[in-house]
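Anchor point for the sequence shown: position 562 equals 574 in the working numbering, and the numbering is continuous, going up by one each time. Ideal placement from N, C-alpha and C gives every residue a C-beta, glycine not left out. This structure is a prediction, so every number in the text was calculated from the model and none was measured. Data block below; observations after.
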Amino acid sequence: MAEPEDIYEKVMELAKRRGFIWPSAEIYGGVAGFIDYGPLGAQMKRRIEEAWRAFYVIREGFYEIECPTVGIEPIFVASGHVKGFSDKMVQCPHCEEYLRADHVAAANGCEGAAGMTAEALSGALRTSPCTACGEELGEVKVFDFNLMFNTWIGPGSQRKGYLRPETAQGMFTDFPRLLRFYRDKLPFGTVQVGKAYRNEISPRQGMIRLREFTQAEAEIFVHPGGKKHPRFDRYAGYEVTLLGCAAQEAKEEPVRMTMREAVEEGLVANEYVAYYIALTCDILVSIGVDPARLRFRQHLTTERAHYAADCWDGEVLSGRFGWVELVGIADRTDYDLKAHAGVSGVALTAYIPLEIPRMERRRRIIPDMKALGPKFREKARAVAEALVQADPGPDGATVTVDGDQITIPASLYEVREEEVEVRGVEVMPHVIEPSYGIDRMCYAVLEHSYAEDTVEGELRRTLRLPARVAPVQAGVFPLVSRDGLDVAAREIADALTAAGIFTEFDESGAIGRRYRRQDEIGTPYAVTVDYQTLEDRTVTVRERDSMAQVRVKRDTLPATLRGLIDGTTAFSSLGP
Ligand code: GAP
């Protein structure tokens, strides 16, 4: 694919001027890695989140939960973030700027920098210029920098906490309650949309790399032996652009493939991962990502977490940033539940009834309470409870009670071999995780929808946003602000608002100017009230992208616009 033009400055100029994105704390000089969403940006972001929920919450039926953004230390010890959630950092000896070592190496042509060790990066950086001041770095030490923001919980408290670096962990720690909520059945999914925090080393990529950002994550808990998706038919024939590991290593182009082919050929590990790749493509295109600039790239074995069975990134092509990851879709196996079970001591398993119960020989230990009572007195019950779980040897059984190790001779219990009927098994579910970065999605949508053309000799800037994510859904303009046109236009705007259509009323300036103002913020439809409106109760509706206009009855306008916005009515069906 041809390199797209770098339109970052144009997109951001429009985004700032029209109230989509502003630098955070601008009056104090701003701070890297944080942004404010202005009135139109906040509205668009919410609409993108709602579009995401329409897929995951409404269609997939995954209930949304909301956990705190501050988590206690054991959560992140178990998840591995305390030990391993770090990036390789280097400090420039000349300008003293802290830099991401792999990014500097990559910017200087070093291949595979993301997977390199600190020593290898130090070597690679020796002759590299600093990306901040341009001086050669020379002998520099590369070290790990943990990306979590930490805090203390409660005044004078010694309880350490962290701002969550992903929304996922709350869904793992809530697993036992979620399992009960879903009536102890697998598979089930749950989602969370909310803030995540990472103290990125040198965030210089606008909305792409933030220190505070919004994630939308789904955790789907599945039977470890059953990775066939129950609704795979929905996406089996869906075509997606895939760039597998082997193709990357051989420097080949991505291929277009149906999800069924991808699973049958073994390119994608299982139906679950394939299903969520296709669903992700569906969502991203529906919010305005250009399908020609969207691909799914499999993680190379050097980037993939050791426990992951498969991992794909949904990436979009940006003129400024190249291929940018918007979404990660991973089969995380039982890594997370196993880790939390280990640290919390709580069994994070699901009981799965067997279709056909089976008979099994089991060894049962029956404590002799008459003998244990006098010997262990008040501890006798605890000893007996530990004993039934023990694995006795020829010389007795060793159990731990209240921290004490006790050896119980074989004369104090009986071991019985029994045939028992097994009706079910405890399994630790595997997790399929599609994880989306909402801010990156917002940027991709802005960049991919930005267009310029010339209308009546003037430059027209348009955000070709799909109606479902456009912040303002309709503009209402009286042709002139007199003769009752202004009154009729206000009534029409009120009727649209009452129908839940977010409307801007604009009566100032030439009508062409008013159209341009709305085109620039992506408003898909403009309604003009003219003298004919007073005669026959019709208005003109103008479609943003084609600039075509049709006359529509004023009384049916709210329903017509609702159909256009929801995509159930085609503009072309409204007439010539
Ligand atoms: N639970 C898995 C997880 O968090 P990730 O790839 O680290 O995976 C998921 O993050 C998504 O979050 C990314 O695909 C990206 O869109 C977004 N993201 C990650 N770090 C970000 C940052 N510093 N700024 C903005 N978005 C970020």
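Using only CA atoms, which one of the options lies nearest to residue i?
| i | options | result |
| --- | --- | --- |
| K350 | G249, W34, A90, E61 | A90 |
| F88 | P483, S356, G575 | S356 |
| I274 | E264, A290, E265 | Contrary to the premise, residue 274 reads as Ala rather than Ile in this sequence. Comparing Cα-Cα distances from A274 to each of E264, A290, E265, the minimum goes to A290. |
| A501 | V488, H235, Y287 | V488 |
| A383 | S36, A422, R529 | A422 |
| H106 | I533, P141, A281, D557 | P141 |
| R195 | E431, H241, P365 | P365 |
| E224 | Y49, G168, L26, R472 | Y49 |
| R216 | P536, V481, Y543, I47 | I47 |
| M219 | L458, M559, S584, E15 | L458 |
| F593 | E178, L491, Y250 | In this structure the chain extends from 13 to 588, so residue 593 is not present and cannot be described. |
| V234 | V443, R221, I418, C293 | V443 |
| Y287 | F244, M269, E276 | F244 |
| N158 | G92, L306, P406 | G92 |
| Y75 | T81, R65, I84 | R65 |
| A362 | P441, I377, G173 | P441 |
| P570 | E547, E503, D557 | E503 |
| P483 | S36, E61, G41 | E61 |
| A522 | L491, V203, E315 | L491 |
| I420 | P404, E429, K172, E430 | P404 |
| D456 | E264, L296, A582 | The amino acid at residue 456 is misidentified as Asp; the sequence shows Ala. Answer by Cα proximity: L296. |
| H594 | E283, D343, R305 | Given that the chain is displayed from residue 13 to residue 588, the structure contains no residue 594 and the question cannot be resolved. |
| L52 | L475, A394, G385 | L475 |
| E123 | L360, K263, I577 | K263 |
| E283 | S298, R316, K240, S585 | K240 |
| V285 | V434, P242, P86 | P242 |
| R268 | L255, E25, V280, G278 | L255 |
| A359 | Q260, S134, E438 | E438 |
| G238 | P199, R272, R210 | P199 |
| P588 | D578, V82, Q561 | Q561 |
| G45 | E212, I19, I299 | E212 |
| V481 | S298, F583, M371, R556 | S298 |
| T572 | G512, E519, E547, S520 | G512 |
| A258 | R272, E251, A248, E277 | E277 |
| P303 | P188, Y250, Q55 | Y250 |
| D495 | E38, T515, E547, P478 | E547 |
| G354 | M381, R566, P86 | P86 |
| D414 | P406, V395, G408 | V395 |
| D557 | A479, T568, D506 | A479 |
Could you give the C-beta distance for residue i and residue j, rounded to a whole number, given that I count them as a contact under 8 angstroms?
| i | j | result |
| --- | --- | --- |
| E231 | F184 | 7 angstroms |
| Y347 | V23 | No, Y347 and V23 are not in contact; Cβ-Cβ is about 38 angstroms, not under 8 angstroms. |
| T253 | F308 | 7 angstroms |
| R374 | V432 | 5 angstroms |
| K100 | A130 | 6 angstroms |
| V116 | V102 | 7 angstroms |
| T545 | V564 | Between V564 and T545 the Cβ distance is about 11 angstroms, and since that is not below 8 angstroms, they are no contact. |
| L111 | S214 | 5 angstroms |
| T270 | V339 | That pair is no contact at about 20 angstroms. |
| I418 | V427 | 18 angstroms between Cβ atoms; not a contact. |
| R176 | A208 | 6 angstroms |
| C104 | C145 | 6 angstroms |
| I19 | G331 | 5 angstroms |
| A321 | A281 | 5 angstroms |
Considering only residues of the region 77–122, which uninterrupted beta strand (DSSP E) runs meet the minimum length of 3 residues and lie entirely inside it, listed in chain order? Within the region 77–122, the beta strand (DSSP E) runs of at least 3 residues that lie entirely inside it are, in chain order, 82–84, 98–103, 110–112.
Across the region 321–338 and the region 161–173, are there enough close Cβ pairs to call them in contact, namely three or more that are closer than 8 angstroms? Output reads no: the region 161–173 does not touch the region 321–338.
Tell me the start and end of each unbroken beta strand (DSSP E) in the region 377–428 that is at least 3 residues and wholly inside, in chain order. For the region 377–428, whole beta strand (DSSP E) runs of length 3 or above, ordered along the chain, are 409–413, 416–420.
Is the region 461–476 close to the region 514–534, with three or more CB pairs under 8 angstroms? Between the region 461–476 and the region 514–534, the count of Cβ pairs shorter than 8 angstroms is three or higher; the stretches touch.
Jot down the residue ranges of each uninterrupted alpha helix (DSSP H) in the region 239–326, minimum 4 residues, whole runs only, in chain order. Entirely contained in the region 239–326, the alpha helix (DSSP H) runs reaching 4 residues are, in chain order, 257–261, 271–276, 283–299.
In the region 467–500, which residue ranges form an unbroken beta strand (DSSP E) of at least 3 residues, counting only runs that do not cross its ends? Runs of the beta strand (DSSP E) lying entirely within the region 467–500, each at least 3 residues long, are 470–475, 486–490 in chain order.
Threshold first: 4 residues or longer. Then list the alpha helix (DSSP H) segments lying entirely within the region 15–72, N to C. For the region 15–72, the full-length alpha helix (DSSP H) segments reaching 4 residues or more read 20–29, 51–65 along the chain.
Considering only residues of the region 118–152, which uninterrupted alpha helix (DSSP H) runs meet the minimum length of 4 residues and lie entirely inside it, listed in chain order? DSSP runs (the alpha helix (DSSP H)) wholly in the region 118–152: 130–137.
For the structure I just gave you, are there three or more beta carbon pairs, one from the region 443–460 and one from the region 393–410, closer than 8 angstroms? The answer is no - the region 393–410 does not touch the region 443–460, with fewer than three Cβ pairs under 8 angstroms.
Do the region 485–499 and the region 539–546 make contact, defined as three or more Cβ pairs closer than 8 angstroms? The region 485–499, when compared against the region 539–546, does touch it at the 8 angstroms Cβ threshold.
Complete beta strand (DSSP E) runs within the region 187–221 (minimum length 3 residues, chain order): Listed in chain order, the beta strand (DSSP E) elements of length 3 or more contained wholly in the region 187–221 are 200–209.
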